[in-house]
Every structure is written in structure tokens, then in C-alpha cells.
Amino acid sequence: MFEARLVQSAILKKVLDAVKDLLTEATFECSDSGIQVQAMDSAHVSLVSLNLRSDGFDKYRCDRNLSMGMSISCMSKILRCAGAEDTVTLRAWDNPESITFIFESPNKDKLAEYEMKLINMDQEHLGIPETSYSCVIKMPSGEFSRICRDLSQFGESITFACSKEGIKFSASGDYGSANIKLVQNTDADKEEEAVVIDMQEPLKLTFACRYLNCFVKAGPLCNQVQLSMSDDVPLVCEYKIGDIGHIKYYLAPKIDD
Amino acid sequence: MSQRSIDSFFTRI
Chain A
0 MFEARLVQSA
10 ILKKVLDAVK
20 DLLTEATFEC
30 SDSGIQVQAM
40 DSAHVSLVSL
50 NLRSDGFDKY
60 RCDRNLSMGM
70 SISCMSKILR
80 CAGAEDTVTL
90 RAWDNPESIT
100 FIFESPNKDK
110 LAEYEMKLIN
120 MDQEHLGIPE
130 TSYSCVIKMP
140 SGEFSRICRD
150 LSQFGESITF
160 ACSKEGIKFS
170 ASGDYGSANI
180 KLVQNTDADK
190 EEEAVVIDMQ
200 EPLKLTFACR
210 YLNCFVKAGP
220 LCNQVQLSMS
230 DDVPLVCEYK
240 IGDIGHIKYY
250 LAPKIDD
Chain B
0 MSQRSIDSFF
10 TRI
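Order-wise, the sequence lines are chains A and B.
Position one of the first sequence corresponds to residue 0 (numbering that gives the first Met the number 0), numbered consecutively onward.
Position one of the second sequence corresponds to residue 0 (numbering that gives the first Met the number 0), numbered consecutively onward.
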């Protein structure tokens, strides 16, 4: 059988909020090492890679590897039924046709079970090569969300230009143009407020706002976001999920026609 | 500008 328990169901709620605008369904690969999801959005422009390690769960048991196709919208609806302080347990039998979500209140006076039918999905897995990136930026996730939101008003895409002076985000369109520059700031009072720029080579890449604004939905999972970029390869936008894992979004850059 | 698809960067396994 498969059983995974998280004392803080809020983490799983936030994970669902971070993927539900990009994915309608996804295969959850469960093994001894944890839960992995790799899925592209319907337009095949971005890829979501989610990893939740088994040792990050409060209880984890997976007797045999399982691939469970799940409706993200249905899972999201079920997780909305969990109380903020509830514990969540995911449970499935071997060769499952459904998965059960069990929510337990902190004082154990309420137990709710939601059973969700699994869906058959074509297995499709992409090999992501190890890449050494020209620029790796760490910055507050709230700041990144704000920049994407603000610049989206000016155009459909945002250009990221990284130089030794810092990183400049810019957008332009029919109404005008805007740019926001950030310089390295490792003296911030709090670690989560730091901006760290590790640049090997300057670069300039353009990405679609529509997808960036989906990625920033992972902001509540982590105070910091890491952006890894090189010429002609996808941007990696990574949020750590506490001590349990991470969510990485890959986005192909836009190219000049 | 045009948008490349993400699967063109990765290999199917």
C-alpha cells in the first residue's frame, strides 16, 4: 500500500495552488524515495517538476512503485476541504483505481475522507540534462511576484538582462515601457530579503508573462526564488518546499522571428 | 517574437 502523511496539510494546499493554473492533470510517481511529478502545460511551453522526498513526510510508506494519474482541479477542490491546521494523509492500495485524502483535525475530533478516482494517462517523461548556468539569481519570492505582476501591465513578455551591475527586468508595449533593476544585496537584515547574483556571463533573455505569472503562484511556499539562466536554454524558476522538496518550473525563452 | 516549445529542449525517455 501507499500512505503518506503530512502534519501540515497547508503545504500540500500551497503545492496545488502552485500548479493548478498550469496543469489540468498529472501523473504522481510514488516510490520509496518520495513523490515526483513531471508535467508540461497543455501548450508544451513550460514544464513543472515537483519533488517531495519521503523523509520530509511525517509518515511515509510505499510498498511498490505507483503511477497515479490525477485531476489537478479535483485534487485542488478536495484540498480546499482541509482545515488550515488539519493533518493530511494520502492513501492508496496496490494497483489503485482511486486515492483517498484523509483530513484529521489537530485535536482528532474530526476525520474526513475524500476518495478521488484516478485517471489513465499516457506516460511521458522528459530527461532534463544537468546544465551549468551563466546566471543564477536568488531573490525574495515576493519581489519576483511583484516584478512579474507590475511589468505584465506593459507587455506580453519580460526581458531579463543580467550583467555585473545586476539584473534588469523590462517590458514594453503599446502604452509605454518599464524596467526594474535589482543589484546584489547580501547585507539584508534577513536572509530571505537578500538578492544574490552569480553571473558567469552576461545574458539577455525574454520570457512570456503568462507563464511567469503562473510560476509566482508558488511564492507562498518559500521566501526565496532561484532563477537559473543560460542562452538558448529554458529558464529554471525554483522554489524550495520547506525541508521536504522543491518545485521547479522550466520555461522556454522567446526567440526573435 | 515566437515561442519555442519546452519539449524541444529535452529528450523523451
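We put the CB at the ideal spot given by N, CA and C, even for glycine.
Closer than 8 Å at the beta carbon, the chain B residues around residue i
i              : result
M39 (chain A)  : I5, D6
K180 (chain A) : Simply none; closest approach about 22 Å.
S156 (chain A) : M0
Rounded separation between residue i and residue j - CA only
i              : j              : result
R52 (chain A)  : S171 (chain A) : 41 Å
S45 (chain A)  : D54 (chain A)  : 28 Å
D230 (chain A) : V195 (chain A) : 20 Å
A193 (chain A) : S41 (chain A)  : 35 Å
P233 (chain A) : L250 (chain A) : 5 Å
E96 (chain A)  : G33 (chain A)  : 20 Å
C221 (chain A) : K239 (chain A) : 6 Å
G175 (chain A) : F143 (chain A) : 21 Å
Below-8 Å beta-carbon distance, residue i vs any chain C residue
i              : result
S133 (chain A) : Of the protein chains in the structure, A and B, none is chain C.
Contact list for residue i against chain B, beta-carbon separation under 7 Å
i              : result
P233 (chain A) : I5, F8
Y249 (chain A) : I5
9 Å Cβ cut-off: residues of chain B touching residue i
i              : result
D256 (chain A) : M0, S1
K253 (chain A) : M0, S1, Q2, R3
Ordered list of beta strand (DSSP E) runs contained in the region 197 to 243 of chain A, each at least 3 residues: 202 to 207, 223 to 228, 234 to 240
Using Cβ-Cβ distances below 8 Å, what residues of the region 115 to 131 of chain A are close to chain B? E123, H124, L125, G126, I127, P128
Secondary structure, beta strand (DSSP E): runs of 3+ residues fully inside the region 33 to 59 of chain A: 33 to 39, 45 to 52
For the region 44 to 66 of chain A, which residues have a beta carbon sitting closer than 7 Å to at least one beta carbon of chain B? Look at the region 44 to 66 of chain A: the residues with a C-beta under 7 Å from a C-beta of chain B are V44, S45, L46.
Counting only runs that start and end within the region 125 to 159 of chain A, where is the beta strand (DSSP E) found for 3 or more residues in a row? Here the runs fully enclosed are 134 to 139.
Cβ-based contacts, 7 Å cut-off: residues of the region 195 to 211 of chain A near chain B: Listed by position along the chain: T205, A207.
Touching by the beta-carbon criterion (3+ pairs, under 8 Å), the region 160 to 176 of chain A and the region 115 to 126 of chain A: no
Below 8 Å, can you find three or more Cβ-Cβ pairs linking the region 170 to 186 of chain A to the region 100 to 115 of chain A? no
Should the region 80 to 88 of chain A be called in touch with the region 7 to 20 of chain A, which here means at least 3 C-beta pairs below 8 Å? yes
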